[in-house]
Amino acid sequence: MSAKPMSMKVATRYAIAALRDYRQFGSRQLERDCPICGFHGIFVAAARPPRWNSRCPSCDSRERHRLAHLLYQKLGIGPGQKLSVLHFAPEVFMIERMKDDPGYVTSDPKMAYAKLNEDIQAISFGDETFDLVIAHHVLEHVPDDAKAFSEIRRVLKPGGRAILSVPQNWARETTVQEPSITGRRERAAAYGAIDHLRYYGRDFADKLRLAGFAVETYRPEPLDEMRMSLGFDDAIHIATKPA
């Protein structure tokens with residue numbers, strides 16, 4: 010069987026990635042599988058400093074996007090399910106997938122293709138509006154995350170679920186959040202990014218339980234981590250409001 014021809018989009022992204030750092034295409038690099046678009050081949054680096062093998066050169070997905078896709082599949086989240094969904098900072102693939110679903114509402118202050126600009130600490134919708142609230146890598150930017158948890162719980166229907174992920178330092182038991190850390194450099198050093206306001210520890214699920222949720226934590230299978238180039242430290246928390 011002949012190899013599938015490389016698309017111009019993939020070839021262009023390979024060329025750009027090689028110019029930035031040719032070492033990422035060394036002989037030790039494995040070919041990966043993207044569960045979102047079906048691409049099979051070498052992934053390229055993303056972010057600065059670069060994370061090798063993190064970005065699919067076909068659909069541009071990163072590790073956390075692919076992990077989210079796997080969970081959405083597992084939970085049956087998709088078009089035609091008659092679910093009311095509020096999605097903060099939505100993934101591009103999910104917007105494309107759900108664009109014709111009337112119950113799917115997106116919110117982000119920077120994304121031109123998001124429908125709304127909601128404050129997760131003061132959501133404008135009424136009580137018990139949504140079956141699902143989704144927010145990946147949002148809560149570390151929020152000044153009052155306890156208020157955000159409360160608002161998410163308020164707008165969920167009884168038995169509704171929040172699908173949440175944040176950067177976590179699994180080596181630390183508790184979240185690091187110091188009022189004295191306010192400068193960009195200090196935040197980058199303490200929290201991993203200039204616009205993060207805390208660095209969650211293993212206690213993130215406990216914070217959700219304290220806010221009144223039942224919590225499950227989703228992690229992929231170890232072989233899928235390697236095959237699909239998923240983040241070794243990534244997890245998604247499924248917080249369910251009592252029925």
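First residue of the sequence shown? That's 10 in our numbering, and the numbers climb one at a time after it. Each residue gets a CB set at the ideal place from its N, CA and C atoms; glycine is no exception.
Among residues of its own chain, excluding the 5 on either side of R166, which ones have a beta-carbon nearer than 7 Å to its beta-carbon?
Note that residue 166 is Lys in the sequence shown, not Arg. These residues qualify, in order along the chain: E137, F139 and D140.
Do you know whose CA, among M235, Q90 and F241, lies nearest P44's CA?
M235
Local conformation of Y81 per DSSP, three classes:
helix
Just the Cα atoms here: how many angstroms apart are M237 and L206?
30 Å
I need the straight-line Cα distance from D242 to S174, nearest angstrom please.
11 Å
Alpha carbon to alpha carbon, what distance is there between A220 and A155?
7 Å
Report the three-state DSSP secondary structure of T21 (helix, strand or coil).
helix
What are the residues that DSSP puts in a beta bridge with T226?
H246
Enumerate in chain order the residues of its own chain whose CB-to-CB distance from L80 is below 6 Å, with the five nearest sequence positions on each side excluded.
Y227 and I245
Tell me whether M10 is buried or exposed, calling it buried when 16 or more other Cβ atoms sit within 10 Å of its Cβ.
Residue placement at M10 is poorly supported in this model, since its pLDDT is 43, which falls under 50; the coordinates still yield a value, given next. That one is exposed.
For T115, which residues does DSSP report across the bridge?
H96
Leaving aside the five residues before and after N62 along the sequence, list all residues of the same chain whose C-beta is less than 7 Å from its C-beta, in chain order.
Q38, R41, F52 and S238
Distance, Cα to Cα, D110 vs A223?
28 Å
Have a look at the DSSP bridge pairing and note the partners of A55.
R60
Would you mind reading off the limits of the beta strand (DSSP E) that contains D140?
F139 to H145
Check for me: the beta strand (DSSP E) holding S174 runs from which residue to which?
L165 to S174
Can you tell me where the alpha helix (DSSP H) holding L217 begins and where it ends?
F213 to L219
Would L76 and F158 be called neighbours here (beta carbons separated by less than 8 Å)?
no
Can you pull the DSSP bridge partners for D42?
H49
Going along the chain, which residues of its own chain have a beta-carbon closer than 7 Å to the beta-carbon of S133, five neighbours each way excluded?
E127
What three-state label does DSSP hand Y200 in the structure shown?
helix
Might you give, ordered along the chain, the residues of its own chain that have their beta carbon closer than 7 Å to the beta carbon of V142, omitting 5 neighbours on each side?
L95, I161, V164, L165 and A171
Whole angstroms is fine: what's the gap from A144's alpha carbon to E100's?
10 Å
Out of T21, A24 and A56, state which residue places its alpha-carbon closest to the alpha-carbon of G201.
A56
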